[in-house]
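Chemist: There's a structure below that I have some questions on.
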Amino acid sequence: MQNSFISYEVLHKLRIPQPIQFLQSRYPEGMPLVTTFVHPSMIEMLDAATEDALERSSWIDSLSILPMSFGSQDASKLLSLCPSIQQGLKSDKAKIFGESYVFSNGFIKDVYDRLEKEMETFNVSGASGTVVSGASGTVVSDALRETKAGHDASRLTESTENVSDSSSNKQAMEKGSKKKKGKGAGTMITGPAESELDNQDRAPMKSKKNQRKGKNISSEQVAESKAAAKLVKIKEENLNIPSEDWVMKKIATLVPDFEEQGLDDPQTILRPLANYLRPMLINSWKERRKALFSENAERMKQLLDSLQKKFDESFLNMQLYEKALDLFEDDQSTSVILHRHLLRTTATAIVDMLLQNLDKHNKLKNGDEVAEPQISESISLTPGERTSIAKTFPGSLSNKALTVVEALEGKRVETFMTALRDIAEESGLLLKKLDKKLERTLLHAYQKDLVSQVSAEMDPVSLLAKVVSLIYVQVHHKALQAPGRAIAVAVSRLKDKLDDSAHKILTDYQTTTVTLLALISAPSGDGEDCTSDRILSKRELLENQMTALKGLVLGTSKP
C-alpha cells in the first residue's frame, strides 16, 4: 500500500469526505504516509495553479482544483506539499487564508492600497475618553460616567496641552489594550468557545459530575469571551476605528471577484482577509490621526491666543455699553428697546465669534482636518446655525452654549452677561473686568473714534445717532448704543444738559430726520411726484443743518 497511489477515480469511488484527513487518522505515522495516498499529478496540478496565481499577483481557491470530496483541511495539507507554496510562504510572497485560499502578496498589497485610499474618506476623529473595565472584563458604568464627566468639564487650554502629549499617552494605552483586544478579537472571529460546546456534545460520555463541571467552565469561558469582545467593540467605537464589517464590505465592493466566484459563503474568504488587513489599516489610521493631532496642537494654541484677544476686546466693550443702560432704567419701554438693541448687535457679534472659534477648536481637538478660512473675521450666523453649533460641543459646554444663544433672544442684557461668563469660564477663557482705569481708557478711545466718524460723516440721516452718542459721552461719560426708535427719548433727556439753542438745533434736526424717514417709507400713490419733492426738500434742509449739528460736539469734543 505504501508503494502505490490512489487515483482520482478511486478517491471519487470511496466517497469519503475529506479523505486525506480520514486516512491520516487511520495511519498516525504522519504526513509522509499520507502523501503515498495521493497521486503526484494532483500535487503537480495544484502547484501549477497556485504558481500561476502567484505570478499573476492574483488569488485562487485550491478546492476548485481538487476533487469535490476534498475538504479545506485536505487542501491545506496538499498546499503544504506544493513547492510554489513552500517558496512563496518562505519569501513572504504568498499567504494562505481559511486553509484553502492562496493569495499573492501583490494582490493583497493592491487591495490594501485601495482600502487605504478609502480610509481617507473615513472620519479620522475619535473620542479621547477611555473605557474602564473590571477584573472580570465587564464594563464599569460608574467609571464610564466619571470619565465622561471629566471629559465634559475639561478646559480648552488643558486639552491643548493634552493633545501635545497625546503621542506618548496613546502608545501606552494602545500597548495596554492590545492584550485584551487580541483575546477578544480571536474569540469574536473564530468562535472557539461555541466550537468547544459543539465538540463536547460529540465527545465520549463522561461521568455526570465531570460533564456538569466541564459545561460550567465552558459557560464561564463563553461569558468572559463575549464580554471581552464587547469591550473591544466599545473601545473601537469610541475611537471611531473602522470595524471588521466595514473592511469586509469595502473588500467586497473593491474586489467583486469574490462574489462572482459563486461561493456559498463569501465571508469564508472575506473575513480572514479582512482580519489580516485590518490591523495594518488601523496602524495607518492611527499614524494619520497622530499626525493630525500634532499639527492641530499648534493650531489650537494659536486659535486660543487669538480668541482670547478678540474676547477681551469684545467683553470689555460689552461691559462699557451695558453701563449706559442705567440712564434709562426709569423708562421701561425705552429700556427694553435699548437692551434688545444691544443684544441684537454687540452681543450677537460676540456669540457668533465665540461659537465659530470654539467649533473650530473642538474639531481640531478631535483630530479633524479644518481648512484655514480665507477671511479671518467671523461671519454672521442664523439662530438655527448657532443652535446647531452649540449642540456639537461636548457635555456641559454644549448646555452653556445653548443658554447663551437663548439669552440673545431675551430682553435683559444682565441675563446674557451671566450666560456669557459661564461659557467663557467653561471654555477656559479669562474674563477681564472693566475697572475705572480701563473704563476711562475705553471711553476716551470710543469718544475719539466718534469724533472721527462725525467729522467724516456725509449722510445727514446717519449723522444724528453719532452726534447723540458723542453728546452722551461728553455729558454723562457713558457709551450709549441707541437705535433709531430710542433717539427721540435720548434727545429729550438732554434738555437739562444743553443750552436752549444747542438743544433746539438737536431737536429740530431729529424732527426733520423723522419726517424724512416717514416720507421715504410711505407707500407710493397718486401723489408720488409731490412726495419726491418733499423728500428732496427735507434732505436739503438736513444737509444745511449738518454743519450746525456737528458744531455741537466737535467744538467741545476733547475729554
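Counting from 1, position 480 in the sequence shown corresponds to residue 516 in the working numbering; the numbering is continuous, with no gaps. The beta carbon of each residue, even a glycine, is placed where N, CA and C say it ideally should be.
Under 7 Å between the Cβ atoms of His375 and Val487?
Modeler: Residue numbering aside, residue 375 sits at position 339 when the sequence shown is read from its first letter. Residue numbering aside, residue 487 sits at position 451 when the sequence shown is read from its first letter. Taking C-beta atoms as the reference points, His375 and Val487 fail to come closer than 7 Å.
Chemist: Consult DSSP for Phe133 and reduce its assignment to one of helix, strand or coil.
Modeler: In the sequence shown, the residue the question calls residue 133 occupies position 97. Of the three classes helix, strand and coil, the one that applies to Phe133 here is strand, per DSSP.
Chemist: Can you tell me where the alpha helix (DSSP H) with Ile287 in it begins and where it stops?
Modeler: As a position in the sequence shown, residue 287 is number 251, starting the count at 1. Glu280 to Leu290 is the span of the alpha helix (DSSP H), which, as asked, contains Ile287.
Chemist: Can you tell me the Cβ-Cβ gap for Ile386 and Ser350, rounded? I've got them flagged as a contact below 8 Å.
Modeler: Looking up residue 386 in the sequence shown gives position 350. Looking up residue 350 in the sequence shown gives position 314. So it is a contact: roughly 5 Å between Cβ atoms.
Chemist: I'd like the ranges of any alpha helix (DSSP H) spanning at least 4 consecutive residues and lying wholly in the stretch 472-522.
Modeler: 472-492 and 496-512
Chemist: Between Val589 and Val525, how many whole angstroms is the CB-CB distance? I'm expecting something under 8 Å.
Modeler: In the sequence shown, residue 589 corresponds to position 553, counting from 1. In the sequence shown, residue 525 corresponds to position 489, counting from 1. The pair is not a contact, with the Cβ atoms about 19 Å apart (cut-off 8 Å).
Chemist: Would Pro292 be called buried (16 or more neighbouring beta carbons within 10 Å of its own) or exposed?
Modeler: Walking along the sequence shown from the start, residue 292 turns up at place 256. It counts as exposed.
Chemist: Residues in the same chain with beta-carbon distance under 7 Å from Arg575, minus the five sequence neighbours each way, listed in chain order, please.
Modeler: Position 539 of the sequence shown, counted from the first residue, corresponds to residue 575. Pro496 and Leu552.
Chemist: Let me check understanding here. Comparing Cα to Cα, which of Ser108, Ala584 and Leu578 lies closest to Ser537?
Modeler: Within the sequence shown, numbered from 1, the residue matching residue 537 stands at position 501. Answer by Cα proximity: Ala584.
Chemist: Between which residues of its own chain and Thr384 is the CB-CB distance below 8 Å, once the five residues before and five after are set aside?
Modeler: As a working note, residue 384 is residue 348 in the sequence shown. Once the five neighbours on either side are set aside, the close Cβ partners of Thr384 are Ser416 and Leu444.
Chemist: Name, in chain order, the residues that DSSP records as bridge partners for Trp321.
Modeler: Within the sequence shown, the letter at position 285 stands for residue 321. DSSP lists no partner for Trp321.
Chemist: Thinking just about the alpha-carbon of each residue, which of Leu499, Met81, Ala89 and Leu438 is nearest to the one in Ala426?
Modeler: What you label residue 426 is simply residue 390 of the sequence shown in a count that begins at 1. When each option's Cα is compared against that of Ala426, the closest is Leu438.
Chemist: For the alpha helix (DSSP H) holding Ile541, just list the boundary residues, first then last.
Modeler: Start at 1 with the first residue of the sequence shown, and residue 541 comes out as number 505. From DSSP, the alpha helix (DSSP H) with Ile541 extends over Asp536 to Ser557.
Chemist: Considering only DSSP beta bridges, list what Ser140 is partnered with.
Modeler: As a position in the sequence shown, residue 140 is number 104, starting the count at 1. Paired residue(s): Ala130.
Chemist: In three-state DSSP terms, what is Gly587?
Modeler: The residue given as residue 587 occupies position 551 in the sequence shown. Three-state DSSP puts Gly587 in a helix.
Chemist: CA-CA distance, Lys586 and Ile459?
Modeler: Residue 586 sits at position 550 when you count from the first residue of the sequence shown. Residue 459 sits at position 423 when you count from the first residue of the sequence shown. For Lys586 and Ile459, the distance between alpha carbons rounds to 42 Å.
Chemist: Can you find the residues in the same chain that come closer than 8 Å, C-beta to C-beta, to Ile556, ignoring five residues on each side of it along the sequence?
Modeler: The residue you call residue 556 lines up with position 520 of the sequence shown. Ile571.
Chemist: Which same chain residues end up closer than 7 Å to Thr549 when comparing Cβ atoms and leaving out the 5 residues on each side of it in sequence?
Modeler: The count along the sequence shown starts at 1 and reaches residue 549 at position 513. So the list reads Val497, Leu500 and Leu578, once near-sequence residues are dropped.
Chemist: In the structure shown, what three-state DSSP assignment does Asp88 receive?
Modeler: Numbered from its first residue, the sequence shown carries residue 88 at position 52. DSSP places Asp88 in helix when its eight states are reduced to three.
Chemist: What are the boundary residues of the beta strand (DSSP E) that Asp97 is part of?
Modeler: For the purposes of this step, residue 97 is identified with residue 61 of the sequence shown, where counting begins at 1. Segment Trp95 to Asp97, the beta strand (DSSP E) holding Asp97.
Chemist: Under 6 Å Cβ to Cβ from Asn332, same chain only, skipping five residues before and after it: list those, please.
Modeler: As a working mapping, residue 332 is identified with position 296 in the sequence shown. Taken in chain order, the residues that qualify are Leu400.
Chemist: Suppose contacts are defined by Cβ-Cβ distances below 7 Å. Is Ala515 in contact with Leu356 by that definition?
Modeler: Taking the first residue of the sequence shown as position 1, residue 515 is located at position 479. Taking the first residue of the sequence shown as position 1, residue 356 is located at position 320. Yes. Within cutoff.
Chemist: Which residues bound the alpha helix (DSSP H) around Thr382?
Modeler: Taking the sequence shown and counting its residues from 1, one reaches residue 382 at position 346. No alpha helix (DSSP H) contains Thr382, which DSSP labels as neither H nor E.
Chemist: Report yes or no: do three or more beta-carbon pairs, one from the stretch 280-291 and one from the stretch 81-90, lie closer than 8 Å?
Modeler: Touching, no, given that fewer than three Cβ pairs across the two stretches are closer than 8 Å.
Chemist: Is the Cβ-Cβ distance between Lys131 and Phe139 less than 7 Å?
Modeler: By one-based count along the sequence shown, residue 131 stands at place 95. By one-based count along the sequence shown, residue 139 stands at place 103. Yes; because the gap between Cβ atoms is below 7 Å, this pair is in contact.
Chemist: My assumption, with CB atoms under 8 Å, is that Arg457 sits in contact with Leu467. Please give the rounded CB distance.
Modeler: The residue you call residue 457 lines up with position 421 of the sequence shown. The residue you call residue 467 lines up with position 431 of the sequence shown. With 8 Å as the limit, Arg457 and Leu467 qualify as a contact, their Cβ atoms being about 6 Å apart.
Chemist: Just how far apart, CA to CA, sit Pro278 and Arg324?
Modeler: Here residue 278 refers to the residue found at position 242 when the sequence shown is read from its first residue. Here residue 324 refers to the residue found at position 288 when the sequence shown is read from its first residue. If you draw a straight line from the Cα of Pro278 to the Cα of Arg324, it is about 14 Å long.
Chemist: In the DSSP assignment, find the unbroken alpha helix (DSSP H) run with Arg376 in it and report its ends.
Modeler: Here residue 376 is taken as the residue at index 340 of the sequence shown, counted from 1. Start and end: Gln368 to Leu378.
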